[in-house]
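Sequence lines, in order, name chains A and B.
Each residue of the first sequence is one higher than the one before, counting from 1 in the numbering used here.
Each residue of the second sequence is one higher than the one before, counting from 1001 in the numbering used here.
Note that beta-carbon positions come from the ideal geometry of N, C-alpha and C, so glycine has one too.
Number of protein chains: 2
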Amino acid sequence: MKPVGILGGMGPEATILLMQKMLGMVDAHDDADHIPLIVHQNPQVPSRIKALIEGQGEDPGPTLTRMAQDLQQAGAQAIAMPCNTAHYYAPAVVAGSTVPFLNMLDLTAAHLAKSGAKRIGMLASPATRMVGVFNKPFAAHGLTPVWLPQDEALLTIIRAIKAGEPAASQITPLSKIAQDLLDLGADHLLIACTELSLLTNAIPEGIPYTDSLECLTHAIAKFATS
Amino acid sequence: MKPVGILGGMGPEATILLMQKMLGMVDAHDDADHIPLIVHQNPQVPSRIKALIEGQGEDPGPTLTRMAQDLQQAGAQAIAMPCNTAHYYAPAVVAGSTVPFLNMLDLTAAHLAKSGAKRIGMLASPATRMVGVFNKPFAAHGLTPVWLPQDEALLTIIRAIKAGEPAASQITPLSKIAQDLLDLGADHLLIACTELSLLTNAIPEGIPYTDSLECLTHAIAKFATS
């Protein structure tokens, strides 16, 4: 199998969740059945929220370029990044290595289009909305994002998870936001923040949803075993 | 902070447990408070059980040497290996890199001696017993290991965890083994297999125990923040 490099630490808990999902998707009989990864668990990547929302602080781009180089040097044969917002810096990642970049946003848009979804309720960081990282992938697949008119509450939830609050404490506020998006006409919900991937049980029963981290997980397994 | 390289995948779930323990020990307010790691999650390291117990199969040493080199190339400033049995190959790891190796077994023996423990009930893989990796560290600290006369049951538990059985299903058999070790005169129990680190609640109430993975976790944090 081919090891995939993970640009991790954004946040560190979401990176661990990706690794758990990689384990969970394999019907293993022994260690050797699992997918090899090389994980740069770097919680010191400069804050994407600070750089993109607050317009201050260090540019995360050069750090991500260096991390991609590190991973390739260590033997990674593709690179993946389990952070939606950080895909704003995808060009810096691609510049940093000569191996394929498994773009989570492109993979997610392709999956959504295949599922027949049209109007996508965005459970995402305000930073993701502000920098428009989903605009191109969505346009390429005829998808329309549905954003909350006021999304500070989402940022509050994401910050709580990053600060180590138990996920369970954030289920009720996220459920309310999910309902608001449905009321705004979304026909499908998208978990487009890997912190929120820890909270999938906040999605109301019976509502179709996609978790971008799941799309990435499948792409990593497909690459590693191909 | 200084990133520590992790020789992981032995097994992959134990590696994730180490990463979770690293998160849990930091009182974080944001991502950046956490410890940086570079994790070689390589489930394809040749089986230590096959090589050491069954005396067949590929030698894991050269793979571990190469992984240590990979991690150093990626920027790791020390190396740690969350697998007790694999410390048999510590010389191969040390040969593979020029950065410090945080030896989990030495760290554990030092911790046990400091706690006043004398006769250590070994919750470990039979491979760990057969290759005697704890002999030197224990002798250096005046510790006596207490081994089960028959330890196939421990191997059955470890194999079940590696095959993805839920940890809860292994609590009862491990509790029985823990009691057997106390009956044999152990004054302290040692979880000396990172698969068994998933099962600490099998230790009978009130019995002092140490988990070697915890000793490693603390050493990693100390190195990274020093």
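What did DSSP end up calling residue i once you bin it into helix, strand or coil?
i: A1090 (chain B); result: helix
i: M122 (chain A); result: strand
i: I1161 (chain B); result: helix
i: L184 (chain A); result: coil
i: Q239 (chain A); result: Lying before the first or after the last residue shown, residue 239 (chain A) is absent from chain A, which here runs from 1 to 226.
i: F101 (chain A); result: strand
i: L189 (chain A); result: strand
i: A80 (chain A); result: strand
i: L1007 (chain B); result: strand
i: D1211 (chain B); result: strand
i: T217 (chain A); result: helix
i: V1146 (chain B); result: strand
i: F1223 (chain B); result: helix
i: T194 (chain A); result: coil
i: A1036 (chain B); result: Per the sequence shown, residue 1036 (chain B) should be read as Pro rather than Ala. In the structure shown, P1036 (chain B) sits in coil (DSSP, three-state: anything other than H, G, I, E or B).
i: K1136 (chain B); result: helix
i: D27 (chain A); result: coil
i: E1054 (chain B); result: coil
i: D1151 (chain B); result: coil
i: H1141 (chain B); result: coil
i: K114 (chain A); result: helix
i: P1173 (chain B); result: helix
i: D59 (chain A); result: coil
Buried or exposed: residue i, going by 16 or more other Cβ atoms within 10 Å of its Cβ?
i: G61 (chain A); result: buried
i: S169 (chain A); result: exposed
i: A1140 (chain B); result: exposed
i: H40 (chain A); result: buried
i: D59 (chain A); result: exposed
i: S1212 (chain B); result: buried
i: P149 (chain A); result: exposed
i: T1015 (chain B); result: buried
i: K21 (chain A); result: buried
i: S97 (chain A); result: buried
i: D70 (chain A); result: buried
i: T1063 (chain B); result: buried
i: N103 (chain A); result: buried
i: N135 (chain A); result: exposed
i: P43 (chain A); result: buried
Do residue i and residue j have their C-beta atoms closer together than 8 Å?
i: E1013 (chain B); j: L23 (chain A); result: yes
i: G142 (chain A); j: H188 (chain A); result: no
i: I1038 (chain B); j: G1075 (chain B); result: yes
i: I79 (chain A); j: A68 (chain A); result: yes
i: G185 (chain A); j: V146 (chain A); result: yes
i: A124 (chain A); j: A51 (chain A); result: no
Any chance the CB of residue i is under 7 Å from a heavy atom of the ligand COA?
i: L112 (chain A); result: The model on display carries no ligand, and the ligand COA is accordingly not part of it.
So residue i and residue j are supposed to be a Cβ contact under 8 Å. How far apart are they, rounded?
i: G57 (chain A); j: P46 (chain A); result: 6 Å
i: P1036 (chain B); j: G9 (chain A); result: 7 Å
i: T1065 (chain B); j: A1092 (chain B); result: 5 Å
i: I1053 (chain B); j: P1173 (chain B); result: Contact doesn't hold; Cβ gap of about 19 Å is too wide.
i: G1116 (chain B); j: Q1072 (chain B); result: The Cβ separation is near 37 Å, so there is no contact.
i: L303 (chain A); j: S197 (chain A); result: In the structure as shown, chain A starts at 1 and stops at 226, and residue 303 (chain A) therefore has no counterpart that could be examined.
i: P1204 (chain B); j: S1226 (chain B); result: Between S1226 (chain B) and P1204 (chain B) the Cβ distance is about 36 Å, and since that is not below 8 Å, they are no contact.
i: V26 (chain A); j: N84 (chain A); result: The Cβ separation is near 24 Å, so there is no contact.
i: L199 (chain A); j: I171 (chain A); result: 6 Å
Expressed to the nearest angstrom, what Euclidean distance is found between the alpha-carbon atoms of residue i and residue j?
i: A1167 (chain B); j: A1178 (chain B); result: 16 Å
i: D1031 (chain B); j: K162 (chain A); result: 6 Å
i: A86 (chain A); j: A1090 (chain B); result: 37 Å
i: T1217 (chain B); j: T1210 (chain B); result: 12 Å
i: K2 (chain A); j: D1151 (chain B); result: 36 Å
i: E1165 (chain B); j: H29 (chain A); result: 10 Å
i: Y1088 (chain B); j: D1106 (chain B); result: 12 Å
i: L1181 (chain B); j: A1202 (chain B); result: 13 Å
i: I157 (chain A); j: L190 (chain A); result: 16 Å
i: H1034 (chain B); j: F1223 (chain B); result: 13 Å
i: P137 (chain A); j: A109 (chain A); result: 6 Å
i: R1119 (chain B); j: H1111 (chain B); result: 14 Å
i: Q77 (chain A); j: V1099 (chain B); result: 25 Å
i: T1144 (chain B); j: F1101 (chain B); result: 25 Å
i: D183 (chain A); j: P208 (chain A); result: 14 Å
i: M1019 (chain B); j: M19 (chain A); result: 10 Å
Note down, in chain order, every chain D residue with its Cβ under 8 Å from the Cβ of residue i.
i: P204 (chain A); result: No chain D is part of this structure, whose protein chains are labelled A and B.
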